[in-house]
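Sequence lines, in order, name chains F and Y. Here the first sequence stands for residues 10 to 267, numbered as in this note's numbering. Here the second sequence stands for residues 4 to 208, numbered as in this note's numbering. Worksheet: one structure, shown below.
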Amino acid sequence: MLLTIEENAALNLRALYQDFGYSFFRMRRFEEYDFYAGKKDFLSSSHILTFTDLNGKLMALRPDVTLSIIKNVSHGKYYYDEKVYRVPKNSDTFREIPQVGIENIGSLSGDDVREVVSLAIVSLETISEGRDFVLDVADAGIVAGFTPQPEMLACLAAKNIHGLRELNAPDELIALAENPPDELEILDNLNYRPEIHVDFSAVSSLNYYNGLVFKGYIDGLPEAVLSGGQYDGARMGIDSRGAGFAVYLDVVGGLRND
Amino acid sequence: MINIALPKGRLGEKDYHLFEKAGYEFEGVHEAGRRLVFVNKELDMRCFWVKPFDVPVYVERGVADIGAAGKDILMERDPDVYELLDLNVGKCRMCVAGLEEFSESECRNRALRVATEFPNIARDYYSGLGREIDVIVLRGSLELAPVLGLSDVIVDIVETGTTLRENNLAVIATIAELSARLIANKSAFKFKGEAIHEIIRRLQH
Chain F
10 MLLTIEENAA LNLRALYQDF GYSFFRMRRF EEYDFYAGKK DFLSSSHILT FTDLNGKLMA
70 LRPDVTLSII KNVSHGKYYY DEKVYRVPKN SDTFREIPQV GIENIGSLSG DDVREVVSLA
130 IVSLETISEG RDFVLDVADA GIVAGFTPQP EMLACLAAKN IHGLRELNAP DELIALAENP
190 PDELEILDNL NYRPEIHVDF SAVSSLNYYN GLVFKGYIDG LPEAVLSGGQ YDGARMGIDS
250 RGAGFAVYLD VVGGLRND
Chain Y
4 MINIALPKGR LGEKDYHLFE KAGYEFEGVH EAGRRLVFVN KELDMRCFWV KPFDVPVYVE
64 RGVADIGAAG KDILMERDPD VYELLDLNVG KCRMCVAGLE EFSESECRNR ALRVATEFPN
124 IARDYYSGLG REIDVIVLRG SLELAPVLGL SDVIVDIVET GTTLRENNLA VIATIAELSA
184 RLIANKSAFK FKGEAIHEII RRLQH
């Protein structure tokens, strides 16, 4: 086979998003560092790879795609095939991480949000090569309503019920972790395929997504291969909101091993 | 097939005993030898012994679906896994300890020298207190550090406190209560959920 698993997945996903009426968004690989300086809370790691441009300006290799897109456009449907530069958790070096994803930007209707979820499911189906897959969905807005401490959020993401009890978390929050509802209000009227599970461990931070959040898993891959949700750029000083997700092609590459 | 990572050593034997009581036995575990992997074909399960510090790595990377790990190691490594159950064995505390005559106020004008095997736990704890520290990472015999003047205090696991007392050390503060926890790989929990739930149910009985 001429193409690697990652390249093949990227091409199939791009064709899929094109079919759904999303347009390709191409961007520069670096931004001025100042752009990220005030937004560290929204980045998954606080490390940013920087260099000084010939004119003396401090530049950054992009750690995130969404911010770069919503900075430039305030509505529309876009997909991208880009690299981001991050220090993965428990690592001591930068990695180049290839991502393909979509952003549906604007004040979204319920239909728009449901379409993003459906596209996430179809994306998983496209790259799963016939394996089982699951999309965990949750509502970060409900969790934010409890204004939980960071320790409680960590327990929620780890399904650590005994930890939540020790921290005296509100009973309603413990109930969300232990027995989540079958359906979410924000996904009213969604056709709940059996691969969609309401699971509040998908909420790992309240900084970025403030409504729907979701994470996709494929049987045989040890970590989430897709991650996304609804965001409000106002919280990042950008006048844009929307929903989107990214597929981590480096994780997809793990399908080659067995 | 469910893969289980257990920590080698005293805590691991307690963890294994819990599995045995729940009906998950692996032939040959109790025999002396160097074997590390044990299979129970009937249960479609495999267990293996790894270094206690490495259990979360095996589980996070999906080589093991579930594992038993001390809370100390989970706090230090902060792996992206589910922590499903407090196994209530291997109970002890993560403490700050120092010489009995140690006085914090005497070293207020400089960074506190902290010897530990758990640098992340020590940094988190002292950054919460707003105290600047100089972390000295050691791989054992922590009690020696304050005695010989290598550090002002240690951050270490305290079970009964006997070793501390024998070296004229005393507990200054408790950082966290510790015990063994059952952890699971996030993806494995989605696709082998039924089998993992059954293990949890039987371990709780």
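Virtual Cβ for every residue (Gly too), placed ideally from N, Cα, C. Note that the structure is predicted; figures quoted are calculated from it, not measured.
- The residue among F:Ser54, F:Gly47, F:Glu41 with its C-alpha nearest the C-alpha of Asp62 of chain F is F:Glu41.
- Across the structure, Val93 of chain F and Arg38 of chain F are spaced so that their CA atoms are roughly 8 Å apart.
- Nearest CB-CB separation between Glu45 of chain Y and chain F: not below the 9 Å threshold.
- A straight line joining the alpha-carbon of Arg265 of chain F with that of Glu135 of chain Y spans about 47 Å.
- Around the C-beta of Asn188 of chain Y, 16 or more other C-beta atoms lie within 10 Å, and the residue is accordingly described as buried.
- C-alpha of Asn91 of chain Y to C-alpha of Cys110 of chain Y: approximately 38 Å in a straight line.
- Annotation for Glu160 of chain F: the continuous alpha helix (DSSP H) segment containing it runs 159–166.
- Rounded to whole angstroms, the Cβ separation of Leu235 of chain F and Lys224 of chain F is 7 Å, and the two are in contact under 8 Å.
- Taking the beta carbon of Ala167 of chain F as reference, the chain Y residues within 8 Å of it are Val84, Tyr85, Glu86, listed in sequence order.
- For the stretch 164–192 of chain Y, the set of positions with a beta-carbon nearer than 9 Å to some beta-carbon of chain F reads Glu180, Arg184, Ile186, Ala187, Asn188, Lys189, Ser190, Ala191, Phe192 in chain order.
- Annotated three-state conformation of Arg96 of chain Y is strand, per DSSP.
- In this structure, Ile7 of chain Y and Ala100 of chain Y do not form a Cβ contact; the two beta carbons are roughly 34 Å apart against a cut-off of 8 Å.
- For Ala147 of chain F, the pairing in a beta bridge is given by DSSP as F:Val222.
- Judged by beta-carbon spacing, Ile199 of chain Y lies within the 9 Å limit of Ala191 of chain Y, meaning their Cβ atoms are closer than that value.
- By the rule that beta-carbons nearer than 9 Å mark a contact, Arg142 of chain Y does not touch chain F.
- With at least 16 other beta carbons inside 10 angstroms of its own, Met161 of chain F counts as buried.
- Distance from the Cα of Leu20 of chain F is smallest, within the candidate group F:Tyr88, F:His206, F:Ala233, for F:Tyr88.
- In the DSSP secondary-structure assignment, Glu41 of chain F is bridged to F:Met68.
- Taking 9 Å as the cut-off, the Cβ atoms of Asp259 of chain F and Pro107 of chain F count as close.
- In the structure shown, Glu45 of chain Y adopts coil according to DSSP, grouped into three states.
- Contact fails between the stretch 25–43 of chain Y and the stretch 93–107 of chain Y, because fewer than three Cβ pairs, one in each stretch, are under 8 Å apart.
- In this structure, DSSP gives Leu63 of chain F a state outside helix and strand, which the three-state scheme calls coil.
- Beta-carbon to beta-carbon, Phe209 of chain F and Ala186 of chain F are separated by about 6 Å, close enough to satisfy the 8 Å threshold.
- Within chain F, the residues Asp141, Asp228 have their CB atoms less than 7 Å from the CB of Phe194 of chain Y, given in chain order.
- Interface annotation, Lys66 of chain F: not in contact with chain Y, CB-CB separation never under 9 Å.
- The Cβ atoms of Gly220 of chain F and Tyr240 of chain F lie closer than 9 Å to each other.
- Setting aside the 5 residues that flank it on each side, Glu180 of chain Y is surrounded in the same chain by Arg96, each with a C-beta closer than 7 Å to its C-beta; the list follows chain order.
- Flagged as an interface residue toward chain F: Gly65 of chain Y, by a C-beta distance shorter than 9 Å.
- Taking a C-beta distance under 9 Å as the contact criterion, Ser154 of chain Y and Lys94 of chain Y do not qualify as a contact pair.
- Look at the beta carbons and you see the stretch 112–128 of chain Y touching the stretch 146–164 of chain Y: at least three pairs across the two are nearer than 8 Å.
- Per DSSP, reduced to three states, the secondary structure at Ser214 of chain F is coil, with no helix or strand assignment.
- Contact between the stretch 116–136 of chain F and the stretch 172–191 of chain F is not established, with fewer than three Cβ pairs separated by less than 8 Å.
- Asp89 of chain Y sits buried, since 16 or more C-beta atoms from the chains shown fall within 10 Å of its C-beta.
- Of all residues in the stretch 98–111 of chain F, those with a C-beta nearer than 8 Å to a C-beta of chain Y are Lys98, Asn99, reading in chain order.
- In this structure, F:Ile227 is the residue among F:Ser100, F:Ile227, F:Leu70, F:Ile111 with its C-alpha nearest to the C-alpha of Arg140 of chain F.
- Secondary structure of Ala19 of chain F (DSSP, three-state): helix.
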